[in-house]
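Chains A and B, in that order, are what the protein sequence lines are.
Taking my numbering, the leading residue of the first sequence gets 136, the next gets one more, and so forth.
Taking my numbering, the leading residue of the second sequence gets 73, the next gets one more, and so forth.
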Amino acid sequence: MSKKPSATAEKKDAESAASVSPAANVGINQKLTKDDRIDLFRMMMRIRRFEERSLRAYQAKKIGGFLHLYIGQEAVAVGSCSLMGKNDHVFTAYRDHGHAIAVGMGVNELMAELYGKATGCSKGKGGSMHYFAPDRNFWGGHGIVGGQIPLGTGLAYALKYKNIKGAAMAFMGDGAVNQGAVHEAYNLASLWQLPVVFVIENNGYSMGTSQERSSAGELAKRAEGYNMAWGTCDGHDLYDVRAVMDKFLRAAREESKPSVVEVRTYRYRGHSVADPDNTYRAKAEIEEYRRTKDPIQVFQHQLVAEGVLDEALIEKIDQAARAEAEAAAEFAEASPYPTVDDIQKDVYWEADNPSERKSKGRLFFD
Amino acid sequence: MPVISYREAIRHALAEELERDANVVVLGEEVAQFNGAYKVTEGLLAKFGPNRIVDTPISEAGFIGMGVGASMLGIRPVMELMFWSFYSVAFDQILNNAANVRYMSGGLINCPIVIRGPANGGTNVGATHSHTPENVLANHPGVKVVVPSTPSDAKGLLKSAIRDNDPVFFLENTILYGDKGEVPEGEHVIPLGVADVKRAGTDLTIVTYGRSVLHSLAAADLLQKEHDVSAEVVDLRTIRPLDIDTVLASVAKTHRVLIVEEQKPFASVGSQLAYMIQREAFDELDAPIHRLTTVDAPAIYSPPIEAEQLPNPQRVLKAALELMA
Ligand SMILES: Cc1ncc(C[n+]2csc(CCOP(=O)(O)OP(=O)(O)O)c2C)c(N)n1
Ligand SMILES: [Mg+2]
C-alpha cells in the first residue's frame, strides 16, 4: 500500500474513476434502484461530514481521549453494511464512526457520545472507540486491537446454535491480523463452520507501521491455513465491496461458511487525531490517494456516469450532510454531562434492577 | 542539576543502560521508527540502531513472551507496552511465564526482563485503556512492581529495574510524561523498595504512589494553608518490594493514615497496606485507616466526570478532613 502508484497507473486510476466500475454489473449492484444508489452516496457523505465536524470539535477541545477518523475508508463500512439483512451483525474496532452511521445510528447520539454527554449512544461512558447499538445489530466499537474478533465469531456461533440464517461481520485492521486471538477465532470459525465473515480493512498502516513491516505474507491468504475461503476487494470502489462481500455473506448465511475478506483501502488522516503523521508515509502518497481513489469521488463519478447524480443533487446531498453534522454538534453542545452518580450505574444488571436482585452481599466498594 | 521531563528521564535511563550493557534491548510497538507512541524512545533508533531498538507487530502475547524467553539466555529486554492496559493480551506470558519460571525451575532460570509503559486513567480513553494493574501484578510473588511519580524517581528506578535479575514491571503515566523536575545526570540509581517522604508533616500520613502523589501534595498544601493541618506524604515508589518500614515510621509520628491510590478499591495496593499498618502499628493509630481510591466502576469516558472518578486534590482534601474530624 505504501508504494507510490506510477505516473501511468495514476492516469489510469483517474480515468477509471470517471468510467464505470466493473463491479457495477454484478447482480447485487445491478438490482439497486436509482434511489438506493443515491442513498449509498448520501451515507458516505454523511459519514465524511460527521467526522470532519467531529475533528473540528476535537480541535476546539470539546472531545477528550482519542479520535480515530475513518476518512478515506467510507466505502468499506457503507458497502458492507448496505448488505445487512435483519439477522446480520457487525463488530468492529475503535475506528467505528463509519460503521455506526452505516448501520443507521443517529449522528446526534454519536456526536454527543464524543462530547461525553448523557445523551450519547453510551451515555458518555464509552467515547469514540466504544460505540454500540445492539438494536441495530451493531455490537461495537472495541478498543483492544483484535479483541472484537472472537466476539464476532461467538455471535456467529449463537446464530448457528439458534438456527438463525444470518451472518456476523467482524471488521479489523491490517495490524490486528497479528493478534493471537484473531488466529484462534479463525480456527474456531472454520472448525465449527460458523457464519462469520472476517473483514480486514487493509489501509496499509497500523499506526506508524506499514503492512510490510508488521505482517509476513499475504493477509487474507492466511485463511488457507485454516481451510477457509478468502477474497480481496477494492475498498475505494463501493460496488466492488458490495460484490465481494455479498458473495461471502451469502456463503455464511446460506451454508454457514466462514471466510476472510481483505479490503484494500486507505486512511487520509493520522492514526488518531493526535498522530502528527510525519514519520512513516509521504504527504504525496496521501495526496495521490485523495486525488485518484477517494471512495466518495469514485462513486460520485460512477453515479454521474450512470446519470443518477448531477451537480445540483450532489450539492444538495453535501449541504444536507454538513447541516446534519452541524446540528449534531449543536445537539451535543447543548446536552448535559452525566453526573458523578452515574459513574456507578450500568455496571451490574442487578444493581440497576434492584427489585429483581437475587444475589446478596456488597457489589460496590470504597 | 538539569531540569528535564519525566519522559526524558526515562529516555536517559534507557540510553544510559543501552550504552552500559550490550545485552539491553528495547522492543515494542512503534518504539523505533515512530519514536514511541508517547515519544519516550525518541532518538534511540538513530543512536543504537535497529538491532537494539526494535519495532514489533501488534502481538503482545508473542513479543512479550519472546522477551521472557530471550531473558533466559541473558538478554535484558526492556519491553514497551504502548499502554499497560494491553497487558491482558499477554497475561499468560507475564504472570505464568515471567513470574513463575524461576520458582518452577528451582531457581535455575532467571528472567531479567523489564516491561514498561503507561498505566493510568485521566485521559478520557475509556474503560479498555485505563487499567491500573499494579495490584494484579504485585499479587504474583516473583515479580517486582514500580510506579514512579517524578522525573528523578523515574530515571533512578528504571536504571535499577534494568539491572535487576527478576522481572520488573514499570508503570508510567501519560499525564506525567511532560512534567519536569531536577534529575541527576549519569549514574543516578535508586534502589527498588525504598519509599520517599515527599513532604514532612505531623498530623496525618498520606501513603500514596504514582500520580496520586502529586494530588496528595497539592491537597497537603491546602490542608496546611486553609486548615492548619500538617500532612506527611509518603511516596511508596515501589509496590513490591514494599518499604513498609518508612510507612510505619511515619504512622508512629502522625497516628493517622490516609491511603490515596488510583486503583479500584477491591483488593487494591491500599488494601494490603491497610492490613499491614493495622497489624503492625495498631496501637499507634488514633483513627481507623482511611482510603481514597478511584470510584468503583470501569473508567468512564466523559471528560469532566472522569476527573471526579479519579483521585484529585479536592477529593484528597475532603478525605483528609474526614479523617481529621
Ligand atoms: C492489544 C492492543 N495493542 C495495541 C493497541 C494500540 N493500538 C491501537 S490501534 C493500533 C494500530 C492498529 O492498526 P490496524 O489494525 O491496521 O487498524 P487501523 O488503525 O489502521 O484501522 C494500535 C497499535 C491496542 N489498542 N490494543
Ligand atoms: Mg491499518
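By construction, the Cβ of each residue, glycine as well, lies at the ideal position given by its N, Cα and C atoms.
#### Entry: Contacts that A:R348 makes with chain B (C-beta to C-beta distance below 9 Å)
Translated into positions along the first sequence, residue 348 of chain A becomes position 213. Within chain B, the residues near A:R348 are Q105, D127 and P129.
### Task
Using a Cβ cut-off of 8 Å (strictly closer), state whether A:F267 contacts chain B.
Within the first sequence, the letter at position 132 stands for residue 267 of chain A. False, the Cβ-Cβ gap to chain B never drops below 8 Å.
### Task
Name the residue from A:L444, A:E347 and A:A467 whose alpha carbon lies nearest to the alpha carbon of A:F176.
For the purposes of this step, residue 176 of chain A is taken as the residue at position 41 of the first sequence. Comparing Cα positions, the closest option is A:L444.
### Task
Kindly provide the ranges of any alpha helix (DSSP H) runs that are 4 or more residues long and lie completely inside the segment 351 to 400 of chain A, ordered along the chain.
357 to 360 and 373 to 390
### Where A:M363 falls, given that 16 or more other Cβ within 10 Å makes a residue buried
As a working mapping, residue 363 of chain A is identified with position 228 in the first sequence. Buried, since its Cβ has 16 or more Cβ neighbours within 10 Å.
### Query
Taking Cβ-Cβ distances shorter than 7 Å, what residues in chain B pair up with A:N313?
Walking along the first sequence from the start, residue 313 of chain A turns up at place 178. Simply P129, I130 and S131.
### Task
Scan the segment 189 to 208 of chain B for residues whose Cβ lies nearer than 7 Å to a Cβ of chain A and list them as they occur along the chain.
T195, N196, V197, G198, T200 and H201
### Message
Within 8 Å, do at least three Cβ pairs link the segment 178 to 186 of chain B to the segment 137 to 157 of chain B?
### Response
yes
### Task
Return the Cβ separation of B:I377 and A:Y401 in integer angstroms, given the expectation that the two are a contact with Cβ distance under 8 Å.
Counted from its first residue, the second sequence places residue 377 of chain B at position 305. Counted from its first residue, the first sequence places residue 401 of chain A at position 266. With 8 Å as the limit, B:I377 and A:Y401 do not qualify as a contact, their Cβ atoms being about 36 Å apart.
### Task
Would you mind working out which of A:G241, A:E248 and A:G239 sits nearest A:Y193, comparing C-alpha positions?
Counting from one through the first sequence, the residue named residue 193 of chain A turns up at place 58. Of the listed residues, the one whose Cα sits closest to A:Y193 is A:E248.
#### Entry: Where the beta strand (DSSP E) containing B:H362 begins and where it ends
Looking up residue 362 of chain B in the second sequence gives position 290. Unbroken beta strand (DSSP E) run through B:H362: H362 to L364.
### Task
Spell out whether any CB of chain A is found under 8 Å from the CB atom of B:I377.
As a first step, residue 377 of chain B is located in the second sequence; it is residue number 305 there, counting from the start. Taking Cβ atoms only, chain A reaches closer than 8 Å to B:I377, which makes this a yes.
### Task
Using a Cβ-Cβ cut-off of less than 8 Å, give me the residues of the segment 342 to 372 of chain A that come near chain B, in sequence order.
M342, G343, T344, R348, S349 and S350
### Message
If contact is defined by three or more beta carbon pairs under 8 Å, each pair taking one atom from either stretch, is the segment 303 to 314 of chain B in contact with the segment 351 to 369 of chain B?
### Response
no
### Query
Hey, does A:P473 have any beta-carbon neighbour from chain B nearer than 8 Å?
In the first sequence, residue 473 of chain A corresponds to position 338, counting from 1. Yes - at least one Cβ of chain B is within 8 Å of the one on A:P473.
### Task
Please work out which residues of its chain come closer than 7 Å, Cβ to Cβ, to B:H201, disregarding the five sequence neighbours upstream and downstream, and give them in chain order.
On the second sequence, residue 201 of chain B is found 129 positions in, with the first residue counted as 1. Result list for B:H201: F155 and S157, in chain order.
### Query
Would a check of beta-carbon distances place B:S374 closer than 8 Å to chain A?
Stepping through the second sequence from its first residue, residue 374 of chain B is reached at position 302. Chain A, which has a Cβ nearer than 8 Å to the Cβ of B:S374, makes this yes.
### Message
Relative to the C-alpha of A:D314, which candidate in B:G134, B:L116 and B:P313 has its C-alpha closest?
### Response
Numbered from its first residue, the first sequence carries residue 314 of chain A at position 179. According to the sequence displayed, residue 314 of chain A carries Gln and not Asp. Per the Cα distances, B:G134.
### Task
Kindly list the residues whose CB is nearer than 7 Å to the CB of A:S215, restricted to its own chain and excluding five residues on each side of it in sequence; keep chain order.
For this step, residue 215 of chain A is matched to residue 80 along the first sequence. Excluding positions up to five away in sequence, the list reads M304, V334, V376 and M380.
### Query
Roughly how far, in whole angstroms, is the beta-carbon of B:I136 from the beta-carbon of B:I76, given that I think they are within contact range, below 8 Å?
For this step, residue 136 of chain B is matched to residue 64 along the second sequence. For this step, residue 76 of chain B is matched to residue 4 along the second sequence. Not quite, the Cβ-Cβ distance comes to about 29 Å (not below 8 Å), so this is no contact.
### Message
Going by beta-carbon coordinates alone, are B:K227 and B:A81 separated by less than 8 Å?
### Response
Along the second sequence, read from residue 1 onward, the residue named residue 227 of chain B stands at position 155. Along the second sequence, read from residue 1 onward, the residue named residue 81 of chain B stands at position 9. Their beta carbons are under 8 Å apart, which means B:K227 touches B:A81 by this criterion.
### Query
Closest Cβ-Cβ distance between A:T143 and chain B: below 8 Å?
Residue numbering aside, residue 143 of chain A sits at position 8 when the first sequence is read from its first letter. With a pLDDT of 40 at A:T143, under the threshold of 50, the modelled position of that residue is not reliable, and the figure given next carries that caveat. Answer no: the Cβ-Cβ gap between A:T143 and chain B never drops below 8 Å.
### Task
State the Cα-Cα distance for the pair A:Q437 and A:S257, rounded to the nearest angstrom.
As a first step, residue 437 of chain A is located in the first sequence; it is residue number 302 there, counting from the start. As a first step, residue 257 of chain A is located in the first sequence; it is residue number 122 there, counting from the start. For A:Q437 and A:S257, the distance between alpha carbons rounds to 37 Å.
### Message
Please identify the residue among B:A85, B:P383 and B:L382 whose C-alpha is closest to the C-alpha of B:S232.
### Response
Sequence index remark: in the second sequence, residue 232 of chain B carries index 160 (1-based). Out of B:A85, B:P383 and B:L382, B:A85 has the C-alpha closest to the C-alpha of B:S232.
### Query
Looking only at its own chain, which residues have a Cβ that is under 8 Å from the Cβ of A:S141, when we skip the five neighbours before and after it?
As a working note, residue 141 of chain A is residue 6 in the first sequence. The predicted position of A:S141 is uncertain, since its pLDDT is 43 and thus under 50; a value taken from the coordinates is nonetheless stated next. Cβ within range, chain order: n/a, list empty.
### Query
Cα separation between B:E132 and B:Y159?
Here the question's residue 132 of chain B lines up with position 60 in the second sequence. Here the question's residue 159 of chain B lines up with position 87 in the second sequence. Computed Cα separation, rounded: 7 Å.
### Query
Under 7 Å Cβ-Cβ, which residues of chain B neighbour A:D412?
For the purposes of this step, residue 412 of chain A is identified with residue 277 of the first sequence, where counting begins at 1. Under the 7 Å cutoff, chain B gives no residues; its nearest Cβ is about 10 Å from A:D412.
### Task
Could you tell me how far apart the beta carbons of B:I349 and B:V329 are, in whole angstroms, since I believe they sit closer than 8 Å?
The sequence position of residue 349 of chain B within the second sequence is 277, counting from 1. The sequence position of residue 329 of chain B within the second sequence is 257, counting from 1. Right, their Cβ atoms sit about 6 Å apart.
### Query
Going by alpha carbons, who is nearest to A:E186 out of A:D174, A:A235, A:L498 and A:T227?
Numbered from 1 along the first sequence, position 51 holds the residue referred to as residue 186 of chain A. The candidate whose alpha carbon is nearest that of A:E186 is A:A235.
### Task
Give the residues of chain B in contact with A:Y415, contact being defined as C-beta atoms less than 8 Å apart.
Here residue 415 of chain A refers to the residue found at position 280 of the first sequence. Those within 8 Å of A:Y415 in chain B are Q105 and F106.
### Proximity to A:E336 [Cα-Cα], best of A:V482, A:L202, A:Q208 and A:F466
Along the first sequence, one-based indexing puts residue 336 of chain A at 201. Checked all of A:V482, A:L202, A:Q208 and A:F466; the closest Cα to A:E336 is A:Q208.
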